[in-house]
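From first to last, the protein sequence lines stand for chains A and B.
In terms of the working numbering, the first sequence opens at residue 22 and continues consecutively.
In terms of the working numbering, the second sequence opens at residue 14 and continues consecutively.
One structure below.
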Amino acid sequence: MNATTLTIVTAPDRSSATPAWLLLARMEMIRYARRPAFVLGAGLTLAALVPYLDAGEPVDELSMIAPAALIGLIGITVSAQRVWASDRCADAAGSTPVPMATRTLAHLAACLVPFGVGLLFVAVSYARYLTDPPPANGYAALMSDSWVLAVWFALGAVSCLGGPILGVLIARMTDRRAVPILTTVGLVALAIVFQGLFEPLRRIRVFVPWTYWGGPFGIDSDPQRSIVLTGSPHCWVLYLLALCAVAALMALRQDRTWRSPRNRAAFAALLVTAVITCLLAMWTGTPDTIINPLPGDETSWGG
Amino acid sequence: MSPAVAVRALAHYSRAATPWGLLATTAVVAVGLLLIVARWPAVMWPLHGATIGLLAGVSAWSADERCAAVVDITPRPLWWRTLARTPATLLLTAVWIATHLAVRDRLPEHLGVLVLQGTVAAVAGFSAATWKRTSGNPEPGQRIALFICPAAVAIALAKPWSTHAPVFPIWPHEDWHRTTVIWSVTAGLAVLVMTAAMQRDVAEGHR
């Protein structure tokens, strides 16, 4: 009688090899990408690129408000809703094996989805800028390529990262559903006041996470004349990224396990970095307002 | 039940069901935003669209029924409970119209369109939430508010396709007639949605 040996071959358990936060991050990224508000905003944003299919269409140097508003601003509530929804699931499941910090990390990773769309928008716009020079009477024509890239990256891509991260932070700090809405409205009011239209506020405007660096702000004799505002957009990008990191760490530190002395030191270092880069953005770079010598375009006003 | 008793019952329910705190906060914020817009209309105009979104969102929010599990099985039909919740929408609309009348000299010369925008937004938000209530969702207004407010703010700021669909116009050269058509169609749809919600409730047994 032959003895039959049964060999059980098991497939490698990938879930044990992959960190929990990474598995969760993948799920949260997919969920974020499926949110109707995000899909609508991303669709409207990418639709703004459609005119570039026409080879003769010059780059719209004021178009960076589209990803910032339609993806970044909407991202505040989308992210907050996602965090609250996952918290409800965690509460319903009782004692879950995944701690709050891991879930927060996954939500922060999901913010890369809107950031990716914003980055795509900036990349396409910048590619068009390189192949087809912008209008000579605009603001981009007055500045270097790296200046334009820094401004567009900050306005079009970093805003799509910062909004959703702020949403995660809000959801971690409060469960009041009206807070993301009021924050959105408040941020818009702040951005409008500090967008650069009011001359006395032009120098300090860069502390706001979204502001203009150039556009048809006009002069006394020509209300549509393009000008370039003061400051350094390169330092501003660093300031915004530092703000994102501060908000992310604040969200993570809502979990007690993340309140170690090392994290506190990192948090303090990020805060100091944000303050220094903000001051550098104010006081370095373009020292005075630059006015385009060419008259403005009557139809160029975009806000 | 005599009409007087019925009205008293409706008023009592309405007083308890209306989210007065949220309503008062929204009214104050709306007036504040409109006064800022009136002070610097050309610069602050996106806040006008943001206020419209706020009205639509809070109006939808006021249709939420936290005790849906209880009220859904009571003899009170949806039309009765909806009627009891209308003060929120009416109050927000009244605040919108009154503030516009007070600052009309500093706004674009299309007062009718501006009033129409806020009124329709409030009614549309309320109708959408009422429709979702018939699906058994107890608090659809919150979700609608969390979508509609930021969406309105974003559209007011970015003004996508404003040449073809001027949802929140400001300049004289913009197509104000088309804006009137857009908001009138939205009003018609809101009325249809509200009617459909009532009919659905009747079809499902409430009378």
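Glycine residues also receive a C-beta, built at the ideal position from the N, C-alpha and C atoms.
Quick caveat: nothing in here was measured; it's all calculated off a predicted structure.
Exercise. Could you check where the alpha helix (DSSP H) with residue 53(B) kicks off and where it finishes?
Worked result: Counting along the chain, residue 53(B) falls outside any alpha helix (DSSP H), and DSSP gives it neither H nor E.
Exercise. Residue 38(B) CB to nearest chain A CB: under 9 Å?
Worked result: yes
Exercise. Would a check of beta-carbon distances place residue 62(A) closer than 9 Å to chain B?
Worked result: yes
Exercise. So with Cβ pairs under 9 Å, would you call residue 203(A) a contact of chain B?
Worked result: yes
Problem set entry | 7 Å CB neighbourhood of residue 191(B) in its chain, flanking five on each side removed | 179
Exercise. Any residues in the region 85-103 of chain A with a beta carbon nearer than 9 Å to a beta carbon of chain B? Which ones, in chain order?
Worked result: 86, 87, 88, 89, 90, 91, 92, 93, 94, 95, 96, 97, 98, 99, 101 and 102
Exercise. If you compare alpha carbons, which of 101(B), 26(B), 202(B) and 108(B) is closest to residue 94(B)?
Worked result: 26(B)
Exercise. Looking at chain B, which residues of the region 174-205 of chain A have a Cβ within less than 8 Å of any of its Cβ atoms?
Worked result: 198, 199, 201, 202, 203 and 205
For this session: Determine the extent of the alpha helix (DSSP H) in which residue 211(B) is found, giving its start and end residues.
Result: 189-216
Exercise. Counting only beta-carbon atoms, is residue 160(B) nearer than 9 Å to chain A?
Worked result: yes
Exercise. If you measure beta-carbon to beta-carbon, which residues of the region 145-170 of chain B are closer than 7 Å to chain A?
Worked result: 155, 158, 159, 160, 162, 163, 164, 166, 167 and 170
For this session: Would you mind giving the Cβ-Cβ distance between residue 99(A) and residue 47(A), rounded to the nearest angstrom? I have them listed as a contact below 8 Å.
Result: Residue 99(A) to residue 47(A), Cβ: 18 Å. No contact.
For this session: Could you have a look at residue 305(A) and say whether DSSP puts it in helix, strand or coil?
Result: coil
For this session: Taking C-beta pairs closer than 9 Å, name the residues in chain C that residue 20(B) reaches, listed in chain order.
Result: In the structure shown, chain C cannot be found, because the protein chains are A and B.
Exercise. Secondary structure at residue 139(A), three-state DSSP: helix, strand or coil?
Worked result: helix
Exercise. Just the Cα atoms here: how many angstroms apart are residue 80(A) and residue 260(A)?
Worked result: 27 Å
For this session: Starting from the Cα of residue 163(A), find the closest Cα among 262(A), 130(A), 84(A) and 235(A) and give me that residue.
Result: 235(A)
Problem set entry | For residue 65(A), the nearest candidate out of 129(A), 93(A), 118(A) and 216(A) (CA to CA) | 93(A)
Exercise. Do we get a CB-CB distance below 9 Å when we pair residue 232(B) with the residues of chain A?
Worked result: Only positions 14 to 220 of chain B appear in the structure, and residue 232(B) is not among them; the question remains open.
Problem set entry | Under 7 Å by beta carbon: chain A residues contacting residue 222(B) | Outside the displayed range of chain B (14 to 220) lies residue 222(B), so it cannot be described from this structure.
Exercise. If we cut at 9 Å on Cβ distances, does residue 49(B) have a partner in chain A?
Worked result: yes
For this session: Using 10 angstroms around the beta-carbon of residue 84(A), count the other beta-carbons present and answer buried if the total reaches 16, otherwise exposed.
Result: buried
Exercise. To which residues of the same chain is residue 20(A) closer than 6 Å at the C-beta, ignoring the five residues directly before and after it?
Worked result: Outside the shown range of chain A, which is 22 to 324, sits residue 20(A), and nothing can be said about it.
For this session: Express the C-alpha separation of residue 173(B) and residue 69(A) in angstroms, rounding to a whole number.
Result: 8 Å
Problem set entry | Pairwise C-alpha distance: residue 218(A) and residue 300(A) | 20 Å
Exercise. Taking 9 Å as the CB-CB limit, is residue 90(B) close to chain A?
Worked result: no
For this session: Consider the Cβ of residue 218(A): report whether some Cβ of chain B lies at a distance smaller than 9 Å.
Result: yes
Problem set entry | Contacts of residue 65(A) in chain B (Cβ-Cβ under 9 Å) | 167, 168, 171, 173 and 174
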